[in-house]
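Colleague: Please find one structure pasted underneath; my questions will follow.
2 protein chains.
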Amino acid sequence: MSEALVATQVLAGKVAAVARAVSIVENGRTGFEELLSALHPHLGKARRIGITGPPGAGKSTLTERLTQAYRAAGMRVAVVAVDPTSPFTGGALLGDRIRMESVALDPGVFIRSMATRGSLGGLAISTREVCDVLDAAGFDRILVETVGVGQSELDVTRMADSSVLALVPESGDGIQALKSGVMEAADLFVINKSDRPGAPRLQREVELALDLRMGASHRNVPAHHGALRSGKSTPPPVDDASWRPPVLLTVASQNEGVAELVAALDAHWEWLSASGELETRRRDRLAQRTREVVDRATRRWVWQESHAEEAITARLDTIGAGDLSPYELATEIVASLREGVRV
Amino acid sequence: MSEALVATQVLAGKVAAVARAVSIVENGRTGFEELLSALHPHLGKARRIGITGPPGAGKSTLTERLTQAYRAAGMRVAVVAVDPTSPFTGGALLGDRIRMESVALDPGVFIRSMATRGSLGGLAISTREVCDVLDAAGFDRILVETVGVGQSELDVTRMADSSVLALVPESGDGIQALKSGVMEAADLFVINKSDRPGAPRLQREVELALDLRMGASHRNVPAHHGALRSGKSTPPPVDDASWRPPVLLTVASQNEGVAELVAALDAHWEWLSASGELETRRRDRLAQRTREVVDRATRRWVWQESHAEEAITARLDTIGAGDLSPYELATEIVASLREGVRV
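Just so you know, the protein sequences line up as chains A and B, in that order.
Residue numbers for the first sequence follow our numbering, so the first one is 1 and each next one is one higher.
Residue numbers for the second sequence follow our numbering, so the first one is 1001 and each next one is one higher.
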């Protein structure tokens, strides 16, 4: 099947073609860039939602509950679970997948786990490209869940329209965590497992940290906890100029607070659209994507089509003897690349 | 101070110059590659030891105990703590540093923590370059401890002469973990906190997994636990053809098993030297370093000195309108780079 045919069938939403296209893209198989290129004009309909947070925050359960909620509203939902976790804790992912059972057999739901393959950088870009396939295939919501820790969270927020940061009461010290880029990139905070002690305290801490960051003028009425208990939805305030991330309380395992999270995500989407931020984000994403593709293509050229690797092999003894440094050789190699020495 | 002068002072082992050179290299400041180039002929004296493992394995305590042991033998020791951890668990590092107190003020010990800065890839290469500075400065042992999880462990093993994988009885399931590249890259296994239940079982599991991997002919007499209890050192068997990683039991907080670990590291070094593996590893490392430097220099050229970024900015509207894909533009940009279009 040619890339063009796969693309046509993806655009028609054919499940088998979607699965196939995702595999082609995930594994960087021949023609994957042509396929993505063919899908490019058809992107932008899906809302991409990133769900991130520390291990044990219940991200998979949250993702499952969101999936159920969107399905109940008649939408098609894709879930991409990114797992750059340590091999030491590799068991966790399997557990998560098992917990997604309630939606795994629903034909309106597409679930894909992506494991670390080579570098995190490579994983981040191929995750974004897999999301493109799912967007082109007509899924209304694409939920990207990162099971990992660290850099991966930042990478997810960079690809999402809305980033949800899930915490648990035991996460503690919201203010300290806020120093990191991850919390700054969050559009919504969820304190999951909020029936455990410490949830209101963590909520206050996060709100306080947001006060410090945003200035007190954007202070929310801290009513989310009460709203959860009374079952009412309190959408966060919308302001064209800036978005104050709401701090929601959920007990995903009991489906508590999930409707409020859906409402908050809708409110964020409205703000994104009204403020022009959606367009800005998507433009930034396109620029970033182009840079990544240039980097990848450049590496392919340098290592598979130029003489760089040969030059290293030929000079390795000299480097080992200390008569040439890796830096000097690299300078030579890059100079010859720049001069357009043909291969 | 010029790079040449800094290099001269580093080679003379001047502490202030070492700290300065480490900062220059860590932050990629002007002249850092010239500095590393000047140090390159003087590398190779230090033994580089990586200490990795899951959070809570007591890596910092092990590192501290090893440092004390090497100091007692009159050696100079450098410790590089790499922390690509999640911002969510960012508190851990501080705790670790406090536990290193017993050696922090010793002038024969140099300690540096390195935090994630940009991508993990960038952290990995700058960690290796910092180790070069410390090697050139005449430290006898360089201990690189990764606090993180995931890819970082693999990166550390790639830079070390000897890789220690620290586990704890609760790590459980050695066989499952062995599937990962991390365990395969380990030269020595340490089951720390081995006074807790489950240590002998984990030791048996890891030994069994090593049997499966290496063939039963390399089976060790599983005497390390007994040796620990009786205070005797049992160096692992040395075989010119292959190295069977020993599985040692330690209680680093009580300094139990540390002498045995030092002996096992010496035995590994002897095997590395006698088998030719040391030379192979160091050659591979030099080739890998050169590739990384080429990649870094290529990116610098593409993004800071070519027209690539301009081209993206100029065409972003067209991409956003769906009339051009990021892949098509990237292909154009790389083609112009390859043709040696001058800037």
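Glycine is no exception: its CB is placed at the ideal position from the N, C-alpha and C atoms.
#1: By the 7 Å beta-carbon criterion, what residues does the segment 1026-1051 of chain B contribute toward chain A?
#2: Within 8 Å, do at least three Cβ pairs link the segment 1056-1064 of chain B to the segment 1020-1030 of chain B?
#3: From what residue to what residue does the alpha helix (DSSP H) around GLU1101 of chain B run?
#4: Could you please give the first and the last residue of the uninterrupted alpha helix (DSSP H) stretch that includes VAL1293 of chain B?
#5: I want to verify the contact list: residues of chain B whose CB lies under 9 Å from the CB of ARG187 of chain A, in sequence order.
#6: Tell me where the alpha helix (DSSP H) around ALA21 of chain A begins and ends.
#7: I'd like to know whether the C-beta of ALA1287 of chain B is nearer than 8 Å to at least one C-beta of chain A.
#8: On the three-state DSSP scale, how would you describe SER336 of chain A?
#9: Kindly indicate if chain B contains any beta-carbon less than 8 Å away from that of THR298 of chain A.
#10: Compare the Cα-Cα distances from ALA297 of chain A to each of A:GLU33, A:ALA7, A:MET1, A:THR8 and report the closest residue.
#11: Could you compute how far the alpha carbon of ALA1021 of chain B sits from the alpha carbon of MET1001 of chain B?
#12: At a Cβ threshold of 8 Å, is ASP135 of chain A touching chain B?
#13: One question on the structure: do VAL258 of chain A and ALA69 of chain A come within less than 8 Å of each other, judged by their Cβ atoms?
#14: CB-CB under 7 Å to ARG1076 of chain B, same chain, minus the five flanking residues each way: which ones, in chain order?
#15: Can you give me the C-alpha to C-alpha distance between ALA186 of chain A and VAL79 of chain A, rounded to a whole angstrom?
#16: Could you check how far apart the C-beta atoms of GLY50 of chain A and VAL133 of chain A are, in whole angstroms? I think they sit under 8 Å.
#17: Contact between the segment 1273-1280 of chain B and the segment 267-277 of chain A: three or more CB pairs below 8 Å?
#18: Could you tell me the distance, in whole angstroms, from the CA atom of ARG201 of chain A to the CA atom of LEU316 of chain A?
#19: Helix, strand or coil for ARG158 of chain A per DSSP?
#20: Rounded to whole angstroms, what's the CA-CA distance from ARG65 of chain A to LEU1066 of chain B? Just pull it up for me.
#21: Against chain A, with Cβ distances strictly below 8 Å, would ALA1308 of chain B count as a contact?
#22: Taking C-beta pairs closer than 7 Å, name the residues in chain B that GLU328 of chain A reaches, listed in chain order.
#23: Can the beta-carbon of VAL206 of chain A be found less than 8 Å from the beta-carbon of PHE189 of chain A?
#24: Taking LEU11 of chain A as the reference, give the member of A:LEU39, A:ARG128, A:ALA19 with the closest Cα.
#25: Compare the C-beta of VAL302 of chain A against all C-beta atoms of chain B and say whether one is closer than 8 Å.
#26: Check ARG1213 of chain B in the structure and name its three-state DSSP category.
#27: Beta-carbon within less than 7 Å of GLU3 of chain A's beta-carbon, same chain only, minus the 5 sequence neighbours each way: which residues are those?
#28: Where MET1100 of chain B and ILE1111 of chain B are concerned, what is the direct C-alpha to C-alpha distance, given to the nearest angstrom?
#29: Which chain A residues are close to VAL1334 of chain B, counting only those with a beta carbon under 8 Å from its beta carbon?
Modeller: Let me lay it out:
#1: GLU1033, LEU1036, SER1037, HIS1040, PRO1041
#2: no
#3: 1101-1104
#4: 1277-1300
#5: According to the sequence as given, residue 187 of chain A is Asp; it is not Arg. Near ASP187 of chain A there are no residues of chain B at all, since even the closest Cβ is about 17 Å away, more than 9 Å.
#6: 15-26
#7: yes
#8: helix
#9: yes
#10: A:GLU33
#11: 11 Å
#12: no
#13: yes
#14: GLY1108, GLY1138, PHE1139, ASP1140
#15: 19 Å
#16: Not quite, the Cβ-Cβ distance comes to about 17 Å (not below 8 Å), so this is no contact.
#17: no
#18: 59 Å
#19: helix
#20: 49 Å
#21: yes
#22: SER1037
#23: yes
#24: A:LEU39
#25: yes
#26: helix
#27: GLY31, GLU34, LEU35, ALA38
#28: 9 Å
#29: VAL294, ALA297, THR298, TRP301
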